[in-house]
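Okay, structure first, notes after.
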Amino acid sequence: MTILEAKAKLDIPAVGARCFPNWKPALSCHSPWREDRNPSFSVFDQGRKWKDHSTGDHGDAVDFLGKALDIPAQEAIRRFVEMAGGGYREQSRPTARPPAPLPPADTDDKRHKRAMWPVMELPTDSELETIATLRRLPLDGPHWASMDSALRMANVEGQRCFIIRSTCGKNAQARRLDGQPLGDNLKVKTLAGSIATLPVGNYHDRRWPAVAVVEGGPDVLAAYAAIYKLGLLDAVAVAGMLGAAMRPPFGALATMAGRRVRVFQHNDEAGQKAADSWARLIHNAGGDVDIWTPAQAGADLNDIFTLTESELSEALTEAFDFVKGGF
């Protein structure tokens, strides 16, 4: 029996039933192999794919079995075929682990300021709905950003805010949940101690073959909404630059070498300069990069979600056509 024949017989729920009899797989469920107080695990694509949003691990049913039994990839393939009722007769390459990104310079002063940050929490269902309404997005945008650790909630200056943050927790921006400005009439506040050049998202995990580079917190949420709507959760990682003036550090750029990257530009002068700069840096680092620009002047990725459903579908398909074989 080949591995493809075995996969046709066994999906993740079937493997899970044997390894974890009391586990209930779902689009949003608890991890079967670690303590998971808040559901941060997903089984999707008709039971063929899974992703652990807290750790970034993901894969197919074979990867699931390997993770469940803590065995090497080749051994997981052999046992999977046996579980499906056959004998293994096809070789397969083990999944490569992603390299750790190189951190930019940090300081004791920044670390001290980050230690004073407010407690960050997962958003409630009501808060997710409020964020989606505020940003004119489907609920899937903030939901998947939260699952990927890019979205959290906290009280900042006495106001309930949603926080867009890097996965390492060293860069974070706050916006009020009610849409009003923070102190000094700021629509967005970078928390003191942030390493502001660090991108947001799991862009550093090279198991995702494509990367969407976006500008600002709202476009981070919009990117997650688009990726979910197009069925690209296992193909596209997000890299959100929290400001047009920011330049990604070398470690972030190095992770994009050999991958397909698209920069989603804001259609204004600052956005164009930022996109050109980022694209040049990514190209020099070895990434296969291009730039997408929304048709309307002043618009960004978030804005296209105000289009009619048919217009939105067409615009998203065009915007993400850089993902080869993604549709």
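Numbering (the numbering used here), first residue to last: 6 to 332.
Beta carbons are placed, not taken as given, at the ideal position from N, Cα and C, and that holds for glycine.
DSSP three-state assignment for residue i, whether helix, strand or coil
i    : result
R140 : coil
V67  : helix
A215 : strand
A304 : coil
S131 : helix
S47  : strand
N160 : strand
L187 : strand
Q270 : coil
R23  : helix
D326 : coil
W38  : coil
I168 : strand
R116 : helix
A249 : coil
R180 : strand
Other residues of its chain near residue i: CB distance less than 6 Å, five sequence neighbours each side excluded
i    : result
L139 : G184
L247 : Q178
W297 : R267, F269, A324
F69  : I17, V20, W55
A334 : In the structure displayed, the chain extends from 6 to 332; residue 334 sits before or after that span and is not available.
P223 : R140, N307
R98  : Note that R98 has pLDDT 39, beneath the 50 cutoff, so the model's placement of it is unreliable and the number below is only indicative. Correct list: empty, nothing qualifies.
N43  : L127
F85  : A11, V67, L70
S154 : T172
A89  : A11, K14, L15
Among the options, the one whose alpha carbon lies nearest that of residue i
i    : options                : result
G292 : G263, E274, E319, Q277 : G263
V219 : V268, P254, E132, R252 : V268
P143 : V193, G198, M121, A231 : A231
I287 : R180, A257, A201, L133 : A257
D65  : D75, D57, I76, R53     : R53
K14  : W55, V67, H63          : V67
V243 : A228, A250, F310, P253 : A228
S113 : I200, T135, T195, D57  : In the sequence as presented, Ser is not what sits at residue 113; that position holds Asp. The shortest C-alpha separation from D113 is found at I200.
R211 : H63, F327, N272        : H63
E10  : H35, E87, N27          : E87
D57  : V328, K192, L32        : L32
A120 : G198, N27, K12         : G198
K192 : A81, S282, V216, G221  : G221
E316 : A300, F327, V241, T129 : A300
R165 : F327, S131, C34        : S131
W213 : P77, V328, I309, D50   : V328
Cα-Cα separation, residue i to residue j
i    : j    : result
T160 : P123 : Going by the sequence as given, residue 160 is Asn instead of Thr. Rounded to the nearest angstrom, the two C-alpha atoms are 7 Å apart.
Y208 : T260 : 8 Å
S47  : R83  : 25 Å
V294 : G236 : 21 Å
L196 : L133 : 21 Å
G174 : S36  : 22 Å
K12  : K278 : 47 Å
T202 : M152 : 22 Å
V205 : H117 : 21 Å
E126 : G61  : 19 Å
I168 : Y233 : 21 Å
E40  : A302 : 47 Å
Q79  : D239 : 22 Å
A81  : R252 : 41 Å
A150 : L156 : 5 Å
Same chain, Cβ closer than 7 Å to residue i, five either side skipped, listed in chain order
i    : result
W38  : K72, A73
E162 : L187, G188
L312 : A320
A304 : N272
Closer than 7 Å: residue i CB and nearest the ligand GDP heavy atom
i    : result
V243 : What this structure holds is no ligand at all, so the ligand GDP is not there to describe.
Contacts around residue i, its chain only, beta-carbon distance under 8 Å, and the 5 residues preceding and following it disregarded
i   : result
R23 : M88
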